[in-house]
Ligand SMILES: *Cc1c(COP(=O)(O)O)cnc(C)c1O
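In our numbering, the protein residues as written are 300 to 673.
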């Protein structure tokens, strides 16, 4: 039986053509494809500035730097995320202050923010987990009230919106990532979107070795090589032009899953609805609260053995070995996050899935659950 992967990029003829064109142009870095990609990102996010970079992690690093977050500062953020949303704070010597999540949306529980404030709090960094927009209107209100920066990790949510505004336009700046499992891919790549010219200027300079302007050998700040090459940008242009089609394909498959898994609802909690418009990134179910982490791990093994790609999304950040070691976290610190994390299971999800693939996953999940109970 074929292995059904967790994720697979959707690469068509347009992508082939654009990448070929970029290759034939002989200009493989710092050219027109990057400019076109940034223009498309500005259009999708409804912002004035977009700066293409080499990864979502690089985008986060540059934003945190641009806002002047520094050693001694604390940033309120979620422990239920991909590691980069927290690591970017460590890069500049700041300290992540984790705040537990809402069990329905899996995003930061905004009612807990106030209690986590200290005299050192400088910013909130929120994540649109699994493509569900964070409560940006409330986060913006909170940050205004307490004079804090607001940083958006929208790496999982390109195309989502809330309050009539696309993610990417919320916060002082937003980060996107285009790894091959995301809604669109550039291979490796990322982007900063912002309405602030000073943030955009910092990101442009720092991605390119701190140059004063792109074509001069004068280096005005400590920079990096976080550039996005032309082949990646060309691939990204094709993907962005196909964004509505790609997102519609993902939404349709999420609907199929909802129908196929409806009869397992006693054992499996399906992705919850939240405010705003979701952009489907992954399809993550939770086992019912009566199940343990050991059950979940056994289920992962059973499904993998049957050729179903699946993964435990996300392991709690504060319990990662590096974070435990450095900050002394122990289980119990963020109970909602840990409970969700222990029972979560990402299933195969990509726009090329056919109805029979979804049916197969549902059947295998049902059989694995039955074996678990024996
Ligand atoms: C994918 C992702 C990133 C960025 O990942 P890169 O691999 O660096 O592009 C950052 N934050 C979250 C929440 C992500 O899912």
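From the three backbone atoms N, C-alpha and C, an ideal C-beta is built for every residue, glycine too.
In the DSSP assignment, what are the bridge partners of residue i?
{"i": "residue 400", "result": "407"}
{"i": "residue 576", "result": "460"}
{"i": "residue 491", "result": "350, 474"}
{"i": "residue 662", "result": "In the DSSP output, where bridge partners are listed per residue, residue 662 has none listed."}
{"i": "residue 510", "result": "518"}
{"i": "residue 318", "result": "Partner(s): none; residue 318 has no beta bridge."}
{"i": "residue 376", "result": "397, 424"}
{"i": "residue 445", "result": "DSSP, once it has assigned bridges, lists no residue as partnering residue 445."}
{"i": "residue 465", "result": "460"}
{"i": "residue 582", "result": "646"}
{"i": "residue 604", "result": "Answer by DSSP bridge pairing: none, since residue 604 is not bridged."}
{"i": "residue 639", "result": "None; residue 639 has no bridge partner."}
{"i": "residue 306", "result": "For residue 306, which the question treats as bridged, DSSP gives no partner whatsoever."}
{"i": "residue 451", "result": "425, 473"}
{"i": "residue 391", "result": "According to DSSP, which records beta bridges pairwise, residue 391 is partnered with nothing at all."}
{"i": "residue 610", "result": "645"}
{"i": "residue 567", "result": "586"}
{"i": "residue 524", "result": "507"}
Give me the residue from the options with the minimum Cα distance to residue i.
{"i": "residue 403", "options": "348, 583, 653", "result": "583"}
{"i": "residue 405", "options": "655, 577, 636, 644", "result": "636"}
{"i": "residue 307", "options": "494, 484, 566", "result": "484"}
{"i": "residue 386", "options": "622, 646, 476, 349", "result": "622"}
{"i": "residue 294", "options": "340, 331, 328, 376", "result": "This structure cannot settle anything about residue 294, because the visible part of the chain is limited to 300 through 673."}
{"i": "residue 448", "options": "455, 652, 327, 472", "result": "472"}
{"i": "residue 379", "options": "455, 510, 522, 661", "result": "455"}
{"i": "residue 575", "options": "608, 437, 659", "result": "437"}
{"i": "residue 551", "options": "503, 444, 598, 652", "result": "652"}
{"i": "residue 313", "options": "540, 609, 640, 371", "result": "540"}
{"i": "residue 457", "options": "429, 589, 444", "result": "429"}
{"i": "residue 389", "options": "409, 408, 381, 368", "result": "368"}
{"i": "residue 478", "options": "549, 445, 534", "result": "534"}
{"i": "residue 543", "options": "579, 528, 408, 564", "result": "579"}
{"i": "residue 422", "options": "394, 431, 319, 401", "result": "394"}
{"i": "residue 464", "options": "343, 673, 665", "result": "343"}
Would residue i be called buried (16 or more neighbouring beta carbons within 10 Å of its own) or exposed?
{"i": "residue 360", "result": "buried"}
{"i": "residue 492", "result": "buried"}
{"i": "residue 460", "result": "buried"}
{"i": "residue 617", "result": "buried"}
{"i": "residue 353", "result": "buried"}
{"i": "residue 516", "result": "exposed"}
{"i": "residue 604", "result": "exposed"}
{"i": "residue 326", "result": "exposed"}
{"i": "residue 562", "result": "exposed"}
{"i": "residue 311", "result": "exposed"}
{"i": "residue 571", "result": "exposed"}
{"i": "residue 512", "result": "exposed"}
{"i": "residue 372", "result": "buried"}
Quick check: is the beta carbon of residue i nearer than 9 Å to any beta carbon in chain C?
{"i": "residue 630", "result": "In the structure shown, chain C does not exist; there is a single protein chain."}
Give every residue of the same chain whose Cβ lies closer than 6 Å to the Cβ of residue i, excluding the five residues on either side of it in the sequence, and list them in chain order.
{"i": "residue 494", "result": "346, 347"}
{"i": "residue 441", "result": "412"}
{"i": "residue 349", "result": "337, 340, 341, 490, 492"}
{"i": "residue 469", "result": "435, 451"}
{"i": "residue 424", "result": "374, 376, 450"}
{"i": "residue 587", "result": "566"}
State the CB to CB distance for the pair residue i and residue j, rounded to an integer number of angstroms; the pair is presumed to be in contact (CB under 8 Å).
{"i": "residue 365", "j": "residue 498", "result": "4 Å"}
{"i": "residue 474", "j": "residue 489", "result": "6 Å"}
{"i": "residue 648", "j": "residue 581", "result": "5 Å"}
{"i": "residue 407", "j": "residue 433", "result": "6 Å"}
{"i": "residue 545", "j": "residue 482", "result": "6 Å"}
{"i": "residue 599", "j": "residue 569", "result": "No, residue 599 and residue 569 are not in contact; Cβ-Cβ is about 18 Å, not under 8 Å."}
{"i": "residue 305", "j": "residue 505", "result": "Rounded, the Cβ-Cβ distance is 33 Å, inconsistent with contact."}
Excluding the 5 residues flanking residue i on each side, which residues of the same chain have their C-beta closer than 7 Å to its C-beta?
{"i": "residue 453", "result": "427, 466, 467, 473, 474, 475"}
{"i": "residue 536", "result": "317, 332, 335, 336, 339"}
{"i": "residue 383", "result": "355, 356, 359"}
{"i": "residue 670", "result": "601"}
{"i": "residue 633", "result": "378, 397, 399, 615, 617"}
{"i": "residue 521", "result": "509"}
{"i": "residue 607", "result": "303, 647, 660, 663"}
{"i": "residue 654", "result": "555"}
{"i": "residue 480", "result": "306"}
So is the beta-carbon of residue i under 8 Å away from any non-hydrogen atom of ligand 2?
{"i": "residue 428", "result": "No copy of ligand 2 occurs in the structure displayed; its ligands are ligand 1 alone."}
Could you name the residues of the same chain whose beta carbon sits closer than 8 Å to that of residue i, not counting the 5 residues immediately before and after it, in chain order?
{"i": "residue 630", "result": "618, 637"}
{"i": "residue 328", "result": "526, 528, 529"}
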